[in-house]
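A short worksheet on the structure shown next.
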DNA sequence: CCTTGACCTGGAGTTGCTCCAGGACGGTAG
DNA sequence: CTACCGTCCTGGAGCAACTCCAGGTCAAGG
């Protein structure tokens, strides 16, 4: 799979993927003899995960740490589990943030309607 | 209210508040004769709103536009309403993103447990 | 009177992309 | 065979939104 396909499959941009590779967030991607990147199904799965973690606010440093653990094999699973569980908690906090914002917006919108009606 | 209090009341940092003022996201804040900023209750309410909008991903440019509308008075309410309704939709999209991430994480965690059990 | 703490300003530094210039390469059309 | 096109490559500049810092002011307390 070429980079443009990996991009649309993962939701990341082409530039972002190259940037992530350079930054150590994915293992060095294999190249064809033309020098172009070839993404395996495993690579793409990894990109999908990174994309999801990024979109929910995980920091690059954490993702890099997670990537290094992943490359060290199954012995690092407990630590990886810890990270993902921690991120699950982050998701819950973010739901709280969204809910509070929705409340504030609902309140504001109600006030707008009251002003319009008066 | 001094800037440190406005910061802890709104959840924004002191530097962020000053930055927002310079950037036109809040009307110029009144100063005491010592030159220090004095935040009114209205100012703080506004900061709380900005904080919530920022935390849910609204762009500064949009917030600035919203702030300008606000300063122009009640005639801009329909447009402000449009912006806040649009942001409500964003909140829904973000809930979707959180849910999808939670699913991926649950799946990964299950697989970790399977590997550990085998 | 001297120090402490909270504030001020302008500007540099950081994160995480995002875009761009300049160049190579493979496939198709003339 | 050659011209052109689309997709890729690299290194580096640019951008958003903070975040931190140096150097300075001022009021109040010991």
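Residue numbers (this note's numbering), protein chains in the order written: chain A, -8 to 109; chain B, -8 to 109.
Note that beta-carbon positions come from the ideal geometry of N, C-alpha and C, so glycine has one too.
The structure displayed is predicted, hence computed values, not measured ones.
Task: Through-space distance from residue 47(A) to residue 53(A), alpha-carbon basis - done: Counted from its first residue, the first chain places residue 53(A) at position 62. Counted from its first residue, the first chain places residue 47(A) at position 56. Distance between the alpha carbons of residue 53(A) and residue 47(A): 13 Å.
Open item on the list: Rounded to the nearest angstrom, what separates residue 85(B) and residue 93(A) at their Cα positions?
Closed with: Against the second chain, residue 85(B) aligns to sequence position 94. Against the first chain, residue 93(A) aligns to sequence position 102. The C-alpha of residue 93(A) is placed about 12 Å away from the C-alpha of residue 85(B).
Task: Residue nearest to residue -6(B) in terms of C-alpha spacing, selected from 30(B), 19(B) and 55(B) - done: For the purposes of this step, residue -6(B) is taken as residue 3 along the second chain, with counting starting at 1. With distances taken between Cα atoms, residue -6(B) lies closest to 30(B).
Task: Closest by C-alpha distance to residue 16(A), when choosing among 24(A), 25(A) and 34(A) - done: To locate residue 16(A), count along the first chain from 1; it is residue 25. Of the candidates 24(A), 25(A) and 34(A), the one whose C-alpha sits nearest the C-alpha of residue 16(A) is 34(A).
Open item on the list: Applying the 10 Å Cβ sphere with the 16-neighbour rule, what's the burial state of residue -3(B)?
Closed with: As a first step, residue -3(B) must be located in the second chain, where it is residue number 6. The residue is buried, with at least 16 neighbouring Cβ atoms inside 10 Å.
Open item on the list: Taking beta-carbon pairs under 7 Å, can you tell me which members of the stretch 84 to 102 of chain B lie near chain A?
Closed with: Result list: 85, 86, 88, 89, 91, 92, 93, 95, 96, 99 and 100.
- [ ] Could you run through the stretch 63 to 74 of chain A and flag, in chain order, every residue whose CB is less than 9 Å away from some CB of chain B?
- [x] Listed in sequence order: 65, 68, 69, 71 and 72.
Open item on the list: Can you tell me whether residue -7(B) is helix, strand or coil according to DSSP?
Closed with: Indexing the second chain from 1 puts residue -7(B) at position 2. Coil, per DSSP.
- [ ] Label residue -1(A) either buried or exposed according to how many other C-beta atoms from any shown protein chain fall within 10 Å of its C-beta, with 16 as the threshold for buried.
- [x] Mapped onto the first chain, residue -1(A) falls at position 8. Burial state of residue -1(A) is exposed, judged by a 10 Å Cβ sphere holding fewer than 16 other Cβ atoms.
Open item on the list: Which residue wins for smallest C-alpha separation from residue 43(A), given the options 104(B), 106(B), 99(B) and 109(B)?
Closed with: The residue labelled residue 43(A) in the question sits at position 52 within the first chain. By alpha-carbon distance to residue 43(A), the top candidate from 104(B), 106(B), 99(B) and 109(B) is 99(B).
Task: Other residues of its chain near residue 22(B): CB distance less than 8 Å, five sequence neighbours each side excluded - done: Translated into positions along the second chain, residue 22(B) becomes position 31. Short of 8 Å from the beta carbon of residue 22(B), and not among the five residues preceding or following it, lie these beta carbons of its own chain, in chain order: 28 and 29.
TODO: Check the Cβ of residue 79(B) against every Cβ in chain A and list those closer than 7 Å, keeping chain order.
DONE: Sequence index remark: in the second chain, residue 79(B) carries index 88 (1-based). Annotation: Cβ neighbours of residue 79(B) in chain A (cutoff 7 Å, chain order): 93 and 96.
Task: Bridge partners - residue 55(A), DSSP secondary structure assignment - done: As a first step, residue 55(A) is located in the first chain; it is residue number 64 there, counting from the start. In the DSSP output, where bridge partners are listed per residue, residue 55(A) has none listed.
Task: Straight-line Cα distance separating residue 55(B) from residue 14(B) - done: Your numbering for residue 14(B) matches position 23 in the second chain. Your numbering for residue 55(B) matches position 64 in the second chain. If I take the Cα positions, the gap works out to 8 Å.
Open item on the list: Quick check on residue 22(B): does DSSP put it in helix, strand or coil?
Closed with: Indexing the second chain from 1 puts residue 22(B) at position 31. Residue state, collapsed to three classes: strand.
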